[in-house]
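Chains A and B are the protein sequences, given in the same order. Take the first sequence: its letters are residues 0 to 332, numbered as in numbering that gives the first Met the number 0. Take the second sequence: its letters are residues 0 to 332, numbered as in numbering that gives the first Met the number 0. Reading through the structure tokens given below for one structure.
Protein chains: 2
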Amino acid sequence: MDLTLSGGLVRAGERARERFYDSSGYGHVENGGALTLAPVEAAHLLYRGDIDSVDGMDVRALLSSAVVSEVAFFVYKDLRDRGFYLTPAREGWVDDPEGIDFVVYPRGKGPWDDTVEYRVRVVGERDTVPAREVGDCVLAVVDEESEITYLATDRPAVEGTSDPSVPAAEGDLLAERVLCWDPPTELYERAFYGQRLDDEGAVQLSLLEATYLARDGSLTVDGGAEAVLERGREVEGERFDRRLTAYSTLRERGVVPKTGFKFGADFRTYADVDSIDDLGHSELLVRVLPATHTFDPRDLALDVRLAHGVRKRMVFALVGDGVEWLSVARLTP
Amino acid sequence: MDLTLSGGLVRAGERARERFYDSSGYGHVENGGALTLAPVEAAHLLYRGDIDSVDGMDVRALLSSAVVSEVAFFVYKDLRDRGFYLTPAREGWVDDPEGIDFVVYPRGKGPWDDTVEYRVRVVGERDTVPAREVGDCVLAVVDEESEITYLATDRPAVEGTSDPSVPAAEGDLLAERVLCWDPPTELYERAFYGQRLDDEGAVQLSLLEATYLARDGSLTVDGGAEAVLERGREVEGERFDRRLTAYSTLRERGVVPKTGFKFGADFRTYADVDSIDDLGHSELLVRVLPATHTFDPRDLALDVRLAHGVRKRMVFALVGDGVEWLSVARLTP
Numbered sequence: 000m001d002l003t004l005s006g007g008l009v010r011a012g013e014r015a016r017e018r019f020y021d022s023s024g025y026g027h028v029e030n031g032g033a034l035t036l037a038p039v040e041a042a043h044l045l046y047r048g049d050i051d052s053v054d055g056m057d058v059r060a061l062l063s064s065a066v067v068s069e070v071a072f073f074v075y076k077d078l079r080d081r082g083f084y085l086t087p088a089r090e091g092w093v094d095d096p097e098g099i100d101f102v103v104y105p106r107g108k109g110p111w112d113d114t115v116e117y118r119v120r121v122v123g124e125r126d127t128v129p130a131r132e133v134g135d136c137v138l139a140v141v142d143e144e145s146e147i148t149y150l151a152t153d154r155p156a157v158e159g160t161s162d163p164s165v166p167a168a169e170g171d172l173l174a175e176r177v178l179c180w181d182p183p184t185e186l187y188e189r190a191f192y193g194q195r196l197d198d199e200g201a202v203q204l205s206l207l208e209a210t211y212l213a214r215d216g217s218l219t220v221d222g223g224a225e226a227v228l229e230r231g232r233e234v235e236g237e238r239f240d241r242r243l244t245a246y247s248t249l250r251e252r253g254v255v256p257k258t259g260f261k262f263g264a265d266f267r268t269y270a271d272v273d274s275i276d277d278l279g280h281s282e283l284l285v286r287v288l289p290a291t292h293t294f295d296p297r298d299l300a301l302d303v304r305l306a307h308g309v310r311k312r313m314v315f316a317l318v319g320d321g322v323e324w325l326s327v328a329r330l331t332p
Numbered sequence: 000m001d002l003t004l005s006g007g008l009v010r011a012g013e014r015a016r017e018r019f020y021d022s023s024g025y026g027h028v029e030n031g032g033a034l035t036l037a038p039v040e041a042a043h044l045l046y047r048g049d050i051d052s053v054d055g056m057d058v059r060a061l062l063s064s065a066v067v068s069e070v071a072f073f074v075y076k077d078l079r080d081r082g083f084y085l086t087p088a089r090e091g092w093v094d095d096p097e098g099i100d101f102v103v104y105p106r107g108k109g110p111w112d113d114t115v116e117y118r119v120r121v122v123g124e125r126d127t128v129p130a131r132e133v134g135d136c137v138l139a140v141v142d143e144e145s146e147i148t149y150l151a152t153d154r155p156a157v158e159g160t161s162d163p164s165v166p167a168a169e170g171d172l173l174a175e176r177v178l179c180w181d182p183p184t185e186l187y188e189r190a191f192y193g194q195r196l197d198d199e200g201a202v203q204l205s206l207l208e209a210t211y212l213a214r215d216g217s218l219t220v221d222g223g224a225e226a227v228l229e230r231g232r233e234v235e236g237e238r239f240d241r242r243l244t245a246y247s248t249l250r251e252r253g254v255v256p257k258t259g260f261k262f263g264a265d266f267r268t269y270a271d272v273d274s275i276d277d278l279g280h281s282e283l284l285v286r287v288l289p290a291t292h293t294f295d296p297r298d299l300a301l302d303v304r305l306a307h308g309v310r311k312r313m314v315f316a317l318v319g320d321g322v323e324w325l326s327v328a329r330l331t332p
């Protein structure tokens, strides 16, 4: 079968409908019953040997042309190889095509059904991904060696049952922390603020913890909350304000944020802290970013891989007017 | 005992020598036998209650003053708690004090011995670390909650036994890769260039692999090596040249670099490839950086933690005039 391109689409006609759409879910049936294929679908049919040419091109010529994106082809092929039917996301072909490239149906289902398994956005390793544009789709990242990493994005609820309130404490502001020489037991042992200097006695608070507690009236320090906040800004710039917003929001939602430094993140978090003697595994790794952030897929792969390796969920706190939560996790379709 | 500060040092006199130096390795004995303490050592003695004041200050006042760096104190204390004697790195006190803060002796040894276990550089989480200044020291990174992560830095030899040469192939330059439709078997199966499109047949090469092979005369492609190199620069900028230098150097040393995307790195490497049927575990994760790079400790913690989790060694390829290799690994002193 030799097909032709017209207006960026491949017109396959009515007789192709039964063979490619009805039996295998390729293409889109127009009013009137004629089958139209997206170029990536035609490339796949060419690659399989199911059609002979598109505008005289074989698969090698079609993939070398600008008509088909090679990364879209690799993802399309990979999902087909995994046993899925899928439809290119075009206006009129699928619901809400904005921001995605393919709609993937559950195995055994197709474009004639009403269920969707994944909404897939194809990304080359060197592309960028605006944080605002993800949260309800799967990223299919094609790396420079054409291997595909699937990353599911979501907008999770982040909440817990830890009580942030503590009895009053007093501390000294040092260069980049506050040292409480004689703190109430609850500060560290129940509410998990700070770190002990030794097995008992003095507790060191981070500048974030100290600002939060001083604002709350639970910590007395020379110069008050403003002095600690100012110090935070001096040593960290505007990043400090962003992290403070995320820190405070987490605490107010009953989640305890502790440093995520060893994991290269801003925080690791514990949802249900009653006592440090009974501390479970921390559940989330949180990286704080401006809401306008644009991801480099490689940074995303790094964070997600690390979180997976330590059995935590990777969550991004996108700070703009308030905080939006974005989780990203590896997915095997 | 009440001691006084003079010229930034604490003069403890001759009678303190036996008690603090001979028995516990604190301080430096001057010609004439008087003991001098660095402020961080005096702070530790104050904290332990072994002396009563320094210039009238107790430990709380001394740590709040600018005389002692809190992060240096935390690291000093931690190493003492771990059973080490150590000496502040000052000219005349230790050999080569440049770029480090403490010289740590093997357990059971002290400043009166000739052996050194670690040369330690203290780094706050918010400090930066020039890549050129490390390679023979241990970084003691103090995070915002005052936990300490020790990172050993080294300049490893990177070499292997994999033969980079292959029979001639021909390929099509697509947007960001080269597709060889009918490659010699050795290309992928022996020398591990590229990735198969399916179980057999076509092999996709990354732009790095294709540039290397085209320069070598092993790959024919429209426009030659220059066309592939130009494409690499178009899509990646000067980073492409840096990565190509690292890629070529690894290949020439008998090491096979493959994409490290899934680990958020530039490459994972295999030192001894004879056949892909007999491929071992990749040994290194390589991140390519300009030789002038300055590390953010948190990025370093992320890379090192990830590499550790997947049982690989984290190596940085510092590209300037040639390539220098820097490895960084977690250390428990």
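Each residue gets a CB set at the ideal place from its N, CA and C atoms; glycine is no exception.
Residue i - containing beta strand (DSSP E), residue span
i	result
Asp1(B)	1-5
Asp171(A)	168-172
Leu34(A)	34-36
Gly231(B)	No beta strand (DSSP E) holds Gly231(B); the alpha helix (DSSP H) holding it covers 223-235.
Leu325(B)	321-330
Arg10(A)	8-12
Local conformation of residue i per DSSP, three classes
i	result
Ala270(B)	coil
Thr280(A)	One point to set straight first is that residue 280(A) is His, not Thr, in the sequence displayed. Looking at His280(A) - three-state DSSP - the assignment turns out to be coil, as it is neither helix nor strand.
Phe83(A)	coil
Glu45(A)	Before going further, note that residue 45(A) is Leu rather than Glu in the sequence given. Note: Leu45(A) maps to helix in three-state DSSP.
Phe315(A)	strand
Ala290(A)	coil
Leu249(A)	helix
Ala201(B)	coil
Leu207(A)	helix
Ala264(A)	coil
Val255(A)	strand
Val39(B)	helix
Leu196(A)	coil
Distance between residue j and residue i (C-alpha atoms, nearest Å)
i	j	result
Ser326(B)	Phe101(B)	21 Å
Pro110(B)	Ala37(B)	14 Å
Arg131(A)	Thr291(A)	7 Å
Val93(A)	Asp295(A)	28 Å
Val322(B)	Glu144(A)	23 Å
Ala156(B)	Leu207(A)	42 Å
Ala201(B)	Lys261(B)	23 Å
Ala168(B)	Ala316(B)	29 Å
Gln194(A)	Gln203(A)	5 Å
Val165(A)	Ala270(A)	17 Å
Gly24(B)	Thr152(A)	55 Å
Gly216(B)	His307(A)	42 Å
Ala328(A)	Asp198(A)	37 Å
Ala224(B)	Thr35(A)	39 Å
Leu278(B)	Ser247(B)	21 Å
Asp49(A)	Asp320(B)	53 Å
Thr258(B)	Tyr187(B)	14 Å
Glu233(A)	Arg242(B)	36 Å
Arg154(A)	Gly134(A)	5 Å
Pro183(B)	Val254(B)	21 Å
Span of the alpha helix (DSSP H), counted from its first residue to its last, around residue i
i	result
Val220(B)	Where Val220(B) is concerned, there is no enclosing alpha helix (DSSP H), although the beta strand (DSSP E) it sits in stretches over 218-220.
Leu301(B)	296-308
For residue i, the nearest candidate out of the options (CA to CA)
i	options	result
Leu172(A)	Asp221(A), Ala42(A), Gly259(A), Val287(A)	Asp221(A)
Gly263(A)	Gly48(B), Arg189(B), Asp298(B), Val103(B)	Asp298(B)
Ala174(A)	Pro87(A), Asp51(A), Leu228(A), Asp197(A)	Leu228(A)
Glu116(A)	Tyr46(A), Asp142(A), Val137(A)	Val137(A)
Pro163(B)	Leu204(B), Thr35(B), Tyr211(B)	Tyr211(B)
Gly98(B)	Gly253(B), Glu185(B), Asp51(B), Val128(B)	Val128(B)
Ala88(A)	Gly82(A), Ala71(A), Arg81(A), Asp80(A)	Ala71(A)
Ala33(B)	Ser5(B), Tyr20(B), Asp276(B), Gly12(B)	Gly12(B)
Glu237(B)	Gly7(B), Gly170(B), Asp1(B), Val287(B)	Val287(B)
Complete runs of the alpha helix (DSSP H) confined to the segment 49-126 of chain B [at least 4 residues]: Listed in chain order, they are 58-63, 69-80.
Those runs of the beta strand (DSSP E) which lie wholly inside the segment 142-194 of chain A and span at least 3 residues: If one requires a minimum length of 3 residues, the beta strand (DSSP E) runs lying completely within the segment 142-194 of chain A are 147-153, 168-172, 176-179, in chain order.
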